[in-house]
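**Student:** The structure is given below, and queries will be raised subsequently.
Number of protein chains: 2
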Amino acid sequence: MAVVSSPTGTQAIDRAALLLTQVIQGAEPASFTELAAASGLAKSTTSRLLTALERHQLVRRDPDGRFWPGELFVRYAWQGTADADLVAVAQPYLDQLGELTGETINLGIESGNTVQQVAQVDSRYMIGGTNWVGLAVPLHCSASGKVLLAFGAAAVPAEPLEARTERTIVSRTQLEVELSSVRERGFAVTDEELEPGLVAVAAPVFAGGLAAIAAISVSGPASRLGASQLPAAAANCVEVAQALSSTLGGQIEGAR
Amino acid sequence: MAVVSSPTGTQAIDRAALLLTQVIQGAEPASFTELAAASGLAKSTTSRLLTALERHQLVRRDPDGRFWPGELFVRYAWQGTADADLVAVAQPYLDQLGELTGETINLGIESGNTVQQVAQVDSRYMIGGTNWVGLAVPLHCSASGKVLLAFGAAAVPAEPLEARTERTIVSRTQLEVELSSVRERGFAVTDEELEPGLVAVAAPVFAGGLAAIAAISVSGPASRLGASQLPAAAANCVEVAQALSSTLGGQIEGAR
DNA sequence: GAACTCAGTTCCGGAATATGGAACAGACAG
DNA sequence: CTGTCTGTTCCATATTCCGGAACTGAGTTC
Numbered sequence: 001m002a003v004v005s006s007p008t009g010t011q012a013i014d015r016a017a018l019l020l021t022q023v024i025q026g027a028e029p030a031s032f033t034e035l036a037a038a039s040g041l042a043k044s045t046t047s048r049l050l051t052a053l054e055r056h057q058l059v060r061r062d063p064d065g066r067f068w069p070g071e072l073f074v075r076y077a078w079q080g081t082a083d084a085d086l087v088a089v090a091q092p093y094l095d096q097l098g099e100l101t102g103e104t105i106n107l108g109i110e111s112g113n114t115v116q117q118v119a120q121v122d123s124r125y126m127i128g129g130t131n132w133v134g135l136a137v138p139l140h141c142s143a144s145g146k147v148l149l150a151f152g153a154a155a156v157p158a159e160p161l162e163a164r165t166e167r168t169i170v171s172r173t174q175l176e177v178e179l180s181s182v183r184e185r186g187f188a189v190t191d192e193e194l195e196p197g198l199v200a201v202a203a204p205v206f207a208g209g210l211a212a213i214a215a216i217s218v219s220g221p222a223s224r225l226g227a228s229q230l231p232a233a234a235a236n237c238v239e240v241a242q243a244l245s246s247t248l249g250g251q252i253e254g255a256r
Numbered sequence: 001m002a003v004v005s006s007p008t009g010t011q012a013i014d015r016a017a018l019l020l021t022q023v024i025q026g027a028e029p030a031s032f033t034e035l036a037a038a039s040g041l042a043k044s045t046t047s048r049l050l051t052a053l054e055r056h057q058l059v060r061r062d063p064d065g066r067f068w069p070g071e072l073f074v075r076y077a078w079q080g081t082a083d084a085d086l087v088a089v090a091q092p093y094l095d096q097l098g099e100l101t102g103e104t105i106n107l108g109i110e111s112g113n114t115v116q117q118v119a120q121v122d123s124r125y126m127i128g129g130t131n132w133v134g135l136a137v138p139l140h141c142s143a144s145g146k147v148l149l150a151f152g153a154a155a156v157p158a159e160p161l162e163a164r165t166e167r168t169i170v171s172r173t174q175l176e177v178e179l180s181s182v183r184e185r186g187f188a189v190t191d192e193e194l195e196p197g198l199v200a201v202a203a204p205v206f207a208g209g210l211a212a213i214a215a216i217s218v219s220g221p222a223s224r225l226g227a228s229q230l231p232a233a234a235a236n237c238v239e240v241a242q243a244l245s246s247t248l249g250g251q252i253e254g255a256r
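First to last, the protein sequences are chains Y and W.
Residue numbering for the first sequence follows the working numbering, beginning at 1 and increasing consecutively.
Residue numbering for the second sequence follows the working numbering, beginning at 1 and increasing consecutively.
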């Protein structure tokens, strides 16, 4: 057969990686024949490659002969280092959002009924946020928290909603209204509800599941994130969050 | 060079998988040179293989040139299907434990301050447990829950400890004593603390981190799991949990 | 129960593909 | 500038992988 596509000198690995990706990404565990057909490889080649992948625990074959992600993937997922690696994958996106807005950027995930900040890009202004990494903030009065609540990554805690400022939403019904508007717009805002003078917007990050896995937020002083500048910041935030989502394989579902 | 080791016909893939495993399993992100040395491959070959793996998002290179698990792994870990796959990996071990003991076997993980049962093997007796999958039981009075508490997979909830039976441990200090004895023995017991007549033992499953990720339990009626039979059941349970742990790459740390 | 079908593995000759030594390209140090 | 260290590219060679065909084994059908 003539050389057609890649002059890389790694044909076997390219093909094996193709099969592996199909197994990992595929919605349903795939059968041998499906994989062979989808990849366009000869039966014999497919068999050899899949056997090799199986031998190295990259895929696993169930008794029905369907292929699942192998032990190496399961092991990795449970090792607990996935958080750190999420940060690493997200960092360039956060940096980009920092460039676009100039404000403080945070990546937050749900942890024990709070938002845990796991990565940050600092504002380029003198007046900006301090370092929030490691800080846990309440779900109901932060932009990230509202996003996590609205998109199924967290549940409203049983305890009464603490009034951090006079603007904080403390009524559960009112919070529900707020959350459905967050779902509709695709982003959340906190306008001096967490701390006087602090305004933030946040957008959800998806990774394949139906619930968000994290939130990206842009925060700054009310003086710089007023009614005129906020829409642009929100748009940037949503866009970057969607870009990260698509890298992570999440459907980009703006609303609902 | 003469053919030495494997007559498989997948040399390139074997080598690439070797490198990939080193990157994923390695405690520290590895550099190019370290990988080349550890695998014993020629520089040129290592370079070509790693570039191919990177192209397929199986590894990722940071600005310092160190290699991290690629986007495919991060994506997989966050997709939320890891639970289901843990069950699939664990099933044969649970089956084996079921064979050994004849009793009901469950795999439980922490979820929202309870133990969520995610897989089960049924007792071979008429009098046995019903199906617990999907059922959430309290942490402080189940064997699995005690294991998860003792080995850092869960924290004692803030709420008062519910007295499910008259034997349930409701004192926090008493629970702490119990947990440290669990850590010492390497397994937990619940003796009619959850439900009258129900006895269970459980052992922790590790996956590389310092905290347990799940617990395997053996449960049955007090009549069949009395003082004479319980030690054997506990030993079997611990052994199988350790076998699963080592498949998942967890250090087999009995105590401490 | 023999003939067919379908899923998947093994075989094998041929040639395309991966291999590794050496040359090369940067980056940093002295 | 010279030396060292990391990593990539080049290229001729022959080793390794490819794919068609034969084979195996489990169902199905008649």
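Think of the CB as a built atom: it goes at the ideal place given N, C-alpha and C, for glycine as much as any other residue.
From the DSSP secondary-structure annotation, give me the bridge partner or partners of N106 of chain W.
**Tutor:** As a working mapping, residue 106 of chain W is identified with position 106 in the second sequence. The partner list for N106 of chain W (beta bridge, DSSP) reads W:Q120, W:S217.
**Student:** Looking at chain W, which residues of the region 59-73 of chain Y have a Cβ within less than 8 Å of any of its Cβ atoms?
**Tutor:** Flagged, chain order: R60, D62, W68, P69, E71, L72, F73.
**Student:** Leaving out five residues on either side along the sequence, give the residues of the same chain with a beta carbon under 6 Å from the beta carbon of R124 of chain Y.
**Tutor:** As a position in the first sequence, residue 124 of chain Y is number 124, starting the count at 1. Same-chain partners within the cutoff: G102.
**Student:** I'd like to confirm the pairing. Which residues does DSSP put opposite T114 of chain W in its beta bridges?
**Tutor:** Locating residue 114 of chain W in the second sequence gives position 114, where the first residue counts as 1. Answer is W:S111, W:P138, bridged to T114 of chain W.
**Student:** Please list the partners that A257 of chain Y has in chain W, where partner means a Cβ-to-Cβ separation under 7 Å.
**Tutor:** Nothing can be reported for residue 257 of chain Y, as the shown portion of chain Y is limited to 1 through 256.
**Student:** Residue range of the alpha helix (DSSP H) that D263 of chain Y falls in?
**Tutor:** Nothing in the structure corresponds to residue 263 of chain Y, since chain Y is present only between 1 and 256.
**Student:** Between Y:E110, Y:E71, Y:H140, which has its C-alpha nearest E192 of chain Y's C-alpha?
**Tutor:** For this step, residue 192 of chain Y is matched to residue 192 along the first sequence. The option with the nearest alpha carbon to E192 of chain Y is Y:H140.
**Student:** Using only alpha-carbon positions, find the residue among W:V156, W:E184, W:T190, W:R185 that is nearest to T165 of chain W.
**Tutor:** Mapped onto the second sequence, residue 165 of chain W falls at position 165. Nearest C-alpha to T165 of chain W: W:T190.
**Student:** Look at the alpha carbon of S246 of chain W and the alpha carbon of A202 of chain Y, and state the distance between them as a whole number of angstroms.
**Tutor:** Locating residue 246 of chain W in the second sequence gives position 246, counting from the first residue. Locating residue 202 of chain Y in the first sequence gives position 202, counting from the first residue. Cα to Cα, S246 of chain W sits roughly 40 Å from A202 of chain Y.
**Student:** I'd like the span of the alpha helix (DSSP H) that includes V87 of chain Y, first residue to last.
**Tutor:** Along the first sequence, one-based indexing puts residue 87 of chain Y at 87. Where V87 of chain Y is concerned, the enclosing alpha helix (DSSP H) stretches over 82-101.
**Student:** Measure how close the beta-carbons of F73 of chain Y and Y93 of chain W come, nearest whole angstrom, since I'm counting them as under 8 Å.
**Tutor:** Taking the first sequence and counting its residues from 1, the one referred to as residue 73 of chain Y is at position 73. Taking the second sequence and counting its residues from 1, the one referred to as residue 93 of chain W is at position 93. Not quite, the Cβ-Cβ distance comes to about 18 Å (not below 8 Å), so this is no contact.
**Student:** Return no unless some Cβ of chain Y is closer than 8 Å to the Cβ of R183 of chain W.
**Tutor:** As a working note, residue 183 of chain W is residue 183 in the second sequence. No, R183 of chain W does not count as interfacial toward chain Y.
**Student:** Under a CB-based cut-off of 8 Å, is V89 of chain Y close to chain W?
**Tutor:** For the purposes of this step, residue 89 of chain Y is taken as the residue at position 89 of the first sequence. Yes, because at least one Cβ of chain W sits closer than 8 Å to the Cβ of V89 of chain Y.
**Student:** Determine the DSSP secondary structure at A255 of chain Y, reduced to helix, strand or coil.
**Tutor:** Locating residue 255 of chain Y in the first sequence gives position 255, where the first residue counts as 1. With a pLDDT of 34 at A255 of chain Y, under the threshold of 50, the modelled position of this residue cannot be trusted, and the question is left open.
**Student:** Answer yes or no: do S217 of chain Y and N106 of chain Y have a C-beta to C-beta separation smaller than 8 Å?
**Tutor:** Walking along the first sequence from the start, residue 217 of chain Y turns up at place 217. Walking along the first sequence from the start, residue 106 of chain Y turns up at place 106. Taking 8 Å as the Cβ cut-off, S217 of chain Y and N106 of chain Y qualify as a contacting pair.
**Student:** Kindly list the residues whose CB is nearer than 7 Å to the CB of V240 of chain Y, restricted to its own chain and excluding five residues on each side of it in sequence; keep chain order.
**Tutor:** For the purposes of this step, residue 240 of chain Y is identified with residue 240 of the first sequence, where counting begins at 1. Excluding positions up to five away in sequence, the list reads Y93, Q96, L97, I216.
**Student:** Whole angstroms is fine: what's the gap from A88 of chain Y's alpha carbon to D64 of chain W's?
**Tutor:** Here residue 88 of chain Y corresponds to residue number 88 of the first sequence, with the count starting at 1. Here residue 64 of chain W corresponds to residue number 64 of the second sequence, with the count starting at 1. Their backbone Cα atoms lie some 13 Å apart in a straight line.
**Student:** Identify, in the order they occur along the chain, each residue of the same chain with its Cβ nearer than 6 Å to the Cβ of V133 of chain W, setting aside the five sequence neighbours on each side.
**Tutor:** Along the second sequence, read from residue 1 onward, the residue named residue 133 of chain W stands at position 133. Counting only Cβ-Cβ distances below 6 Å, and skipping sequence neighbours, we find Q117, Q120.
**Student:** In chain order, what residues of the same chain have a beta carbon less than 7 Å from the beta carbon of A84 of chain Y, not counting five sequence neighbours either side?
**Tutor:** Here residue 84 of chain Y is taken as the residue at index 84 of the first sequence, counted from 1. So the list is empty, once near-sequence residues are dropped.
**Student:** Could you tell me if R60 of chain Y is buried or exposed, where buried requires 16 or more neighbouring beta carbons within 10 angstroms of its beta carbon?
**Tutor:** Within the first sequence, numbered from 1, the residue matching residue 60 of chain Y stands at position 60. It counts as buried.
**Student:** With distances taken Cα to Cα, identify the nearest neighbour of V147 of chain Y among Y:G108, Y:P157, Y:Q174.
**Tutor:** Along the first sequence, read from residue 1 onward, the residue named residue 147 of chain Y stands at position 147. Per the Cα distances, Y:G108.
**Student:** Is L86 of chain W buried or exposed, if buried means 16 or more other CB atoms sit within 10 Å of its CB?
**Tutor:** On the second sequence, residue 86 of chain W is found 86 positions in, with the first residue counted as 1. L86 of chain W is buried by the Cβ-count criterion.
**Student:** Are the C-beta atoms of H56 of chain W and some chain Y residue less than 8 Å apart?
**Tutor:** Position 56 of the second sequence, counted from the start, is the residue given in the question as residue 56 of chain W. Chain Y, which has a Cβ nearer than 8 Å to the Cβ of H56 of chain W, makes this yes.
**Student:** Taking 8 Å as the threshold (beta carbon to beta carbon), is Y125 of chain Y in contact with chain W?
**Tutor:** Your numbering for residue 125 of chain Y matches position 125 in the first sequence. By this cut-off, Y125 of chain Y is not an interface position.
**Student:** Once you ignore the five residues that flank L41 of chain Y on each side, which residues in its own chain have a CB closer than 7 Å to its CB?
**Tutor:** Your numbering for residue 41 of chain Y matches position 41 in the first sequence. Answer for L41 of chain Y: R15, listed in chain order.
**Student:** Would you tell me roughly how many angstroms separate the C-alpha atoms of A17 of chain Y and L53 of chain W, rounded to the nearest one?
**Tutor:** For the purposes of this step, residue 17 of chain Y is taken as residue 17 along the first sequence, with counting starting at 1. For the purposes of this step, residue 53 of chain W is taken as residue 53 along the second sequence, with counting starting at 1. C-alpha separation (whole angstroms): 8 Å.
**Student:** N131 of chain Y: which of Y:T21, Y:R172, Y:T104 sits nearest, CA to CA?
**Tutor:** As a position in the first sequence, residue 131 of chain Y is number 131, starting the count at 1. Taking only the C-alpha atoms, the option nearest N131 of chain Y is Y:T104.
**Student:** Hey, how far is the Cα of I213 of chain W from the Cα of P204 of chain W?
**Tutor:** On the second sequence, position 213 is the one that residue 213 of chain W refers to. On the second sequence, position 204 is the one that residue 204 of chain W refers to. Cα to Cα, the separation comes out at about 8 Å.
**Student:** How long is the line joining the alpha carbons of P221 of chain Y and A232 of chain Y, rounded to whole angstroms?
**Tutor:** Counting from one through the first sequence, the residue named residue 221 of chain Y turns up at place 221. Counting from one through the first sequence, the residue named residue 232 of chain Y turns up at place 232. Those two C-alpha atoms are separated by around 15 Å.
**Student:** Taking the C-alpha atoms as reference points, what is the distance between I110 of chain Y and A153 of chain Y?
**Tutor:** For the purposes of this step, residue 110 of chain Y is identified with residue 110 of the first sequence, where counting begins at 1. For the purposes of this step, residue 153 of chain Y is identified with residue 153 of the first sequence, where counting begins at 1. Note that residue 110 of chain Y is Glu in the sequence shown here, rather than Ile. Using only the alpha carbons, I get a separation of about 7 Å.
**Student:** Does any residue of chain Y bring its CB to less than 8 Å from the CB of D191 of chain W?
**Tutor:** Numbered from 1 along the second sequence, position 191 holds the residue referred to as residue 191 of chain W. Not closer than 8 Å to any Cβ of chain Y, the Cβ of D191 of chain W fails to qualify, so no.
**Student:** At a CB-CB cut-off below 8 Å, which residues of chain W make contact with D85 of chain Y?
**Tutor:** Reading the first sequence from its first residue, position 85 is the one you call residue 85 of chain Y. Under the 8 Å cutoff, chain W gives W68, P69, F73, V74, A77.
**Student:** Residues of the region 12-24 of chain W in Cβ contact with chain Y at a cutoff of 7 Å, in chain order, please.
**Tutor:** Cβ contacts with chain Y come from A12, I13, D14, A16, A17, T21, I24.
**Student:** I'd like to check one pair, T173 of chain Y with P138 of chain Y: are the Cβ atoms closer than 8 Å?
**Tutor:** Working through the first sequence from its first residue, we reach residue 138 of chain Y at position 138. Working through the first sequence from its first residue, we reach residue 173 of chain Y at position 173. The answer is no: Cβ separation not under 8 Å.
**Student:** Just verifying my parser: in three-state terms, what is the DSSP assignment at L198 of chain W?
**Tutor:** Against the second sequence, residue 198 of chain W aligns to sequence position 198. Strand.
**Student:** Report the rounded CA-to-CA distance for G197 of chain W versus G112 of chain W, giving the unit in angstroms.
**Tutor:** Within the second sequence, numbered from 1, the residue matching residue 197 of chain W stands at position 197. Within the second sequence, numbered from 1, the residue matching residue 112 of chain W stands at position 112. Using only the alpha carbons, I get a separation of about 27 Å.
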